[in-house]
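Structure, as structure tokens:
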Amino acid sequence: AQSVTQPDIHITVSEGASLELRCNYSYGATPYLFWYVQSPGQGLQLLLKYFSGDTLVQGIKGFEAEFKRSQSSFNLRKPSVHWSDAAEYFCAVSGATNKLIFGTGTLLAVQP
Amino acid sequence: SQTIHQWPATLVQPVGSPLSLECTVEGTSNPNLYWYRQAAGRGLQLLFYSVGIGQISSEVPQNLSASRPQDRQFILSSKKLLLSDSGFYLCAWSGTGEETQYFGPGTRLLVL
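Read top to bottom, the protein sequences are chains A and B.
Position one of the first sequence corresponds to residue 475 (the numbering used here), numbered consecutively onward.
Position one of the second sequence corresponds to residue 316 (the numbering used here), numbered consecutively onward.
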């Protein structure tokens, strides 16, 4: 069955520190992978996506993610976190059916 | 550019009352439309999706129904709300044949 695992429910980092949010997926075919961000009480905003090609993808707000097929992972990274990055982050996978399967999310807190 | 609207933003309803949430998309034609529910502390669950007017697919059995009376309008309904229907409801759209989904601002529903 298709699934997405985000092993970290909650992460706290200091402002200016680097960030890596983990995402592992289970999918039988070549997946389409996404990262979304959700601020409190808001909808989801697309950060970046991977369909094919270069396994390192750049997104908005200085985020990037790397697709590693051998590890079934699609981790999200940012070299220097800003206080405004505090939010919940969701990894998702889809395939030919256009149905997104989401992980349970990682809540990011940023300390001053 | 495309925009997606949801209303109301917040709704408090008694158990047993009816429900109607509306989602509209602007700036595109024949989109795929989706309803998701996000329960507290959990990820997003796909409830319904639609590839065209009058075409609705249900992902999970539940107390809710969906309709698509117009190309860019998607409605989520219930005849009698349950306590367990409380949550954050998100509408999303994608272009025909496209994988990326774009989300609306959401409706927070509290059933008392």
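Every residue, glycine too, gets a C-beta built ideally from N, C-alpha and C.
Through-space distance from residue j to residue i, alpha-carbon basis
| i | j | result |
| --- | --- | --- |
| E540(A) | W350(B) | 29 Å |
| L359(B) | S544(A) | 27 Å |
| F548(A) | E413(B) | 20 Å |
| L425(B) | K394(B) | 16 Å |
| L396(B) | V511(A) | 29 Å |
| D482(A) | R496(A) | 7 Å |
| P346(B) | R551(A) | 31 Å |
| F363(B) | G490(A) | 41 Å |
DSSP beta-bridge partners of residue i
| i | result |
| --- | --- |
| R551(A) | E494(A) and E538(A) |
| Y501(A) | DSSP, once it has assigned bridges, lists no residue as partnering Y501(A). |
| R585(A) | Rather than Arg, the amino acid found at residue 585(A) in this sequence is Gln. S488(A). |
| F576(A) | A566(A) |
Simplified DSSP assignment, three categories, for residue i
| i | result |
| --- | --- |
| Q388(B) | strand |
| Q317(B) | coil |
| S544(A) | helix |
| L398(B) | helix |
Of the listed residues the options, nearest to residue i (C-alpha basis)
| i | options | result |
| --- | --- | --- |
| L427(B) | T411(B), Q416(B), I390(B) and D400(B) | D400(B) |
| R387(B) | F403(B), G367(B), T422(B) and L361(B) | G367(B) |
| E341(B) | L361(B), Q353(B) and W408(B) | W408(B) |
| L581(A) | C497(A), K542(A), A503(A) and Y563(A) | Y563(A) |
| V327(B) | I371(B), S380(B), F403(B) and S382(B) | F403(B) |
| R383(B) | P323(B), L398(B) and S335(B) | S335(B) |
| K523(A) | A583(A), V555(A), S500(A) and S568(A) | S568(A) |
Quick check on the DSSP output: what are the complete beta strand (DSSP E) runs of length 3 or more inside the segment 342-386 of chain B, in order along the chain? 347-353, 359-367, 370-373 and 380-385
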